[in-house]
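Here the structure is laid out as structure tokens; the discussion comes afterwards.
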Amino acid sequence: MRFINVILCRVTLLLCFVVSPALHASDDPLQSPMWDYLRNVFLGDTPYQFDDRIVVSVPPFAEDPTQVPVTVDATGLSEKIEKIVVWADLNPIQHIYTYYPLKDVKPNVSLRIKVQQATPIRAAVLTKKGHWLIGTSYLDAAGGGCTTPSVANASPYWESHLGEISAKKFQREAFGRYKFKVVHPMDTGLVDAIPEFYLQQLELRDAQGDALVKMDLSQPVSENPVFSFDVTQPSAQHRLWLRDNNGNEFEQPL
Amino acid sequence: MKKIQCLLCFLLVGLSYSVFAAKLSYLLEPQKIADDTWLLQGKLEDFTRKNGGNIVNTAFIVTEDGVVVFDTGPSKRYGEAMRQVISSITDKPVVHVFNSHHHPDHFLGNQAFNDTKIWALPETGKLIAQHGNAFAENMYRLVGDWMRSTEVQLPTEPLDIAAVPLMAVGKHHFRFFKMVGHSGADLLMLDETTGVLFASDIVFYQRALTTPHTPSLSVWIENLEQLKNWQYNTIVPGHGPVDTTGLAVEQMIDYLHWLDNTLTAAASQGLSMNEVMALPIDERFSGISLTRSEFVRSVFHLYSRYEEASF
Chain B
249 MRFINVILCR
259 VTLLLCFVVS
269 PALHASDDPL
279 QSPMWDYLRN
289 VFLGDTPYQF
299 DDRIVVSVPP
309 FAEDPTQVPV
319 TVDATGLSEK
329 IEKIVVWADL
339 NPIQHIYTYY
349 PLKDVKPNVS
359 LRIKVQQATP
369 IRAAVLTKKG
379 HWLIGTSYLD
389 AAGGGCTTPS
399 VANASPYWES
409 HLGEISAKKF
419 QREAFGRYKF
429 KVVHPMDTGL
439 VDAIPEFYLQ
449 QLELRDAQGD
459 ALVKMDLSQP
469 VSENPVFSFD
479 VTQPSAQHRL
489 WLRDNNGNEF
499 EQPL
Chain R
42 MKKIQCLLCF
52 LLVGLSYSVF
62 AAKLSYLLEP
72 QKIADDTWLL
82 QGKLEDFTRK
92 NGGNIVNTAF
102 IVTEDGVVVF
112 DTGPSKRYGE
122 AMRQVISSIT
132 DKPVVHVFNS
142 HHHPDHFLGN
152 QAFNDTKIWA
162 LPETGKLIAQ
172 HGNAFAENMY
182 RLVGDWMRST
192 EVQLPTEPLD
202 IAAVPLMAVG
212 KHHFRFFKMV
222 GHSGADLLML
232 DETTGVLFAS
242 DIVFYQRALT
252 TPHTPSLSVW
262 IENLEQLKNW
272 QYNTIVPGHG
282 PVDTTGLAVE
292 QMIDYLHWLD
302 NTLTAAASQG
312 LSMNEVMALP
322 IDERFSGISL
332 TRSEFVRSVF
342 HLYSRYEEAS
352 F
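These protein sequence lines map, in sequence, to chains B and R.
Using the working numbering, the first residue of the first sequence is number 249, and each one after it goes up by one.
Using the working numbering, the first residue of the second sequence is number 42, and each one after it goes up by one.
Now the structure itself:
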């Protein structure tokens, strides 16, 4: 009997060792319970590494959970970038946007988002060589941003101004910055009786219609979003094009 | 033997918890700042579980006809502690309570005064009815058990300043003013008998001002310019030490101008919100507590308006 006990004990111990790498906490510096799951969703089962050169800036606290500024700056990377996927681990809808820098842009994007609770914010960069590099930041919040009705729902203003774009070009040190605001409710679909209604696609195009930047947007992008992009040829003519999930298209020369 | 040790251990742990729980008392120390006039000065801090939300100034004036209270603090426990302080100083009953505005640290002590008239501007009453519960919930999150049993107790008497600009209680004559710069509805009370101005959160001193509900910085500056012309000798800010020199108002105007200019300049350069939050704060404000965290909050509250204006 004793013998069997000892054997059982050893088998259990051995099992522990075998299983523990799988159970062991991931290499996520923020130890998020969602990391492994979401990494698999957005990156697939491929190698990756965390990289401090990708700077994800968020405020220390989400004072207004419906308008939290998030800046992703990957200009510190020397590698060429295929795309950047940005998400919030603990949001009910995690994906925020995917950004494709195609030409004449610096990979530095600012916009504002809705958050439902304190959460890690991730920016996963896929380089042209196929490496995944992850920038990350922790955002503290009291919550409620995704399930609050948009301001638009309390006022008919948006109905006559949907898709109106205000834009401005700023001269920064050695580049230009576009900032633009689009009137759109960006409803998440998580509020009772308000269906989802949000901008899904964005392109910054040159005079020939070729895109400098493409973006796929998701519901957590804030109402009446303000985007900012940095371009390396600020003197060129550009246009902005957007489409929402109802098929409305908006286009404006900048 | 082991069992006894265990038991002792449990007892000790239990004891330490109960001792810790008993420590949640505000230890309010009344400062006499003028004849019959007492101030309970809050800490120059943000809300924490250590300070229980005691970051606010409350005050009371002891008249022959009873006690007048200006603001009731952040919790029921605070309101009760305030009442104890009052009864340690006078046997007179509390006859009038005023809530300066609808921010939680100024009215959540109202429950301790539910046997008296609680006055507030009509707009303040509406705002408390609308947002009070959310504010209270947020306070539970921020300071925890100090808030126990705290609930929103609405002001009972709408104060119509046009009809009642002046109120006499005992020998004290109180004059009321409505401003909007800090919260949209800010009640200021001037005791003409002592020359003490209870300035509400229109004035902060040595503690960075907060902007969650300001209509605009320029409106706030106008309010302060107006206030400079009034007759008073002592100013009781909503947060920070009493001032008799006029420096408090100067500091406010100086900081508001700086904030306004900084946000305007940032928007005209196309800075993103996160870049603005990281901007340096002028050296001359380094003596003011919480400048960085309140600056970041102000960028949150205000920058989109400046951005909008730059398009």
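Idealized CB from N, CA, C, for every residue including glycine.
8 angstroms CB neighbourhood of residue i in its chain, flanking five on each side removed
i, result
"R/Thr131", "Val103 and Val108"
"R/Val260", "Val221 and Gly222"
"B/Lys416", "Tyr426, Lys427 and Phe428"
"R/Lys212", "Thr104, Glu105 and Thr234"
"R/Leu65", "Gly93, Arg118, Asp186 and Trp187"
"R/Asn140", "Asp112, Thr113, His147, Phe148, Asn151, Ile159, Trp160, Ala161, Thr165, Ile169, Pro196 and Leu228"
"R/Ser309", "Ser351"
Contacts that residue i makes with chain B (C-beta to C-beta distance below 8 angstroms)
i, result
"R/Gln310", "Phe418 and Arg420"
Contact with chain B by residue i, beta-carbon distance below 9 angstroms
i, result
"R/Phe245", "no"
"R/His342", "yes"
"R/Arg14", "The requested residue 14 of chain R is not part of the displayed model; chain R covers only 42 to 352."
"R/Ser351", "yes"
"R/Asn179", "yes"
"R/Pro253", "yes"
"R/Ser345", "yes"
"R/Glu86", "no"
"R/Glu13", "The displayed coordinates of chain R run from 42 to 352. Any statement about residue 13 of chain R would go beyond what the structure contains."
"R/Ser141", "no"
"R/Ser330", "no"
"R/Glu348", "yes"
"R/Ser334", "yes"
Within-9 angstroms CB hit, residue i to chain R
i, result
"B/Thr314", "no"
"B/Arg360", "yes"
"B/Ala322", "no"
"B/Pro317", "yes"
"B/Glu471", "no"
"B/Glu451", "no"
"B/Ala336", "no"
"B/Ala389", "no"
"B/Glu330", "no"
"B/Glu497", "no"
"B/Glu327", "no"
Contacts of residue i in chain B (Cβ-Cβ under 7 angstroms)
i, result
"R/Val184", "Those do not exist, as R/Val184 stays about 13 angstroms from chain B at its closest Cβ, beyond 7 angstroms."
Cα-Cα separation, residue i to residue j
i, j, result
"R/Pro282", "R/Gly173", "27 angstroms"
"B/Val333", "B/Leu452", "18 angstroms"
"R/Ala177", "R/Gly120", "14 angstroms"
"B/Ala270", "B/Met282", "Low local confidence applies: a pLDDT of 48 at B/Ala270 is under 50, so the model's placement there is unreliable, with the coordinate-based value given in what follows. Each residue's Cα considered, the two are about 15 angstroms apart."
"R/Pro278", "R/Leu85", "12 angstroms"
"R/Pro71", "R/Thr113", "14 angstroms"
"R/Leu149", "R/Glu192", "7 angstroms"
"B/His272", "B/Ile369", "Any reading at B/His272 is ruled out, since the residue's pLDDT is 48, under 50, leaving its predicted position unreliable."
"B/Leu465", "B/Arg420", "26 angstroms"
"B/Asn493", "B/Pro468", "14 angstroms"
"R/Met318", "R/Val135", "45 angstroms"
"B/Gln500", "B/Ile413", "7 angstroms"
"R/Glu291", "B/Val303", "39 angstroms"
"B/Tyr348", "B/Ile329", "8 angstroms"
"B/Ser358", "B/Phe477", "7 angstroms"
"R/Leu183", "B/Pro340", "24 angstroms"
"B/Phe475", "B/Ile442", "24 angstroms"
"B/Tyr386", "R/Phe239", "41 angstroms"
Own chain partners of residue i with C-beta closer than 7 angstroms, once the 5 adjacent residues on each side are dropped
i, result
"B/Asp352", "Leu460, Val479, Thr480 and Gln481"
"B/Asp284", "Ser274"
"R/Thr197", "Lys158 and Ile159"
"R/Asp323", "Trp299"
9 angstroms Cβ cut-off: residues of chain R touching residue i
i, result
"B/Pro307", "Met314, Asn315, Met318, Val337, Arg338, Val340 and Phe341"
Under 8 angstroms from the C-beta of residue i: neighbouring residues of chain R
i, result
"B/Ser476", "Gly311 and Ser313"
"B/Pro340", "Ordered by position in chain R, no residue passes the 8 angstroms Cβ test against B/Pro340, which lies about 20 angstroms from the chain."
"B/Pro355", "Within 8 angstroms Cβ-Cβ: nothing; B/Pro355 doesn't reach chain R, min ~14 angstroms."
"B/Pro501", "Those do not exist, as B/Pro501 stays about 15 angstroms from chain R at its closest Cβ, beyond 8 angstroms."
Contacts around residue i, its chain only, beta-carbon distance under 6 angstroms, and the 5 residues preceding and following it disregarded
i, result
"B/Asn400", "For the record, residue 400 of chain B in the displayed sequence is Ala; it is not Asn. Trp406 and Pro433."
"B/Phe498", "Gly411 and Leu490"
"B/Leu338", "Gln365 and Thr367"
"B/Gly324", "Arg301"
Contact test: residue i Cβ vs the ligand PLP heavy atom, cutoff 8 angstroms
i, result
"B/Lys354", "The ligand PLP is absent from the structure shown, which contains no ligands of any kind."
Between the stretch 479 to 495 of chain B and chain R, which residues of the former have CB atoms less than 9 angstroms from a CB of the latter, in chain order? none
Closer than 7 angstroms, Cβ to any Cβ of chain R: which residues of the stretch 421 to 446 of chain B, in chain order? Arg425, Lys427 and Lys429
Between the stretch 361 to 383 of chain B and chain R, which residues of the former have CB atoms less than 7 angstroms from a CB of the latter, in chain order? none
With 8 angstroms as the limit, tell me which residues of the stretch 392 to 416 of chain B have their beta carbon closer than that to any beta carbon of chain R; keep them in chain order. Ser414, Ala415 and Lys416
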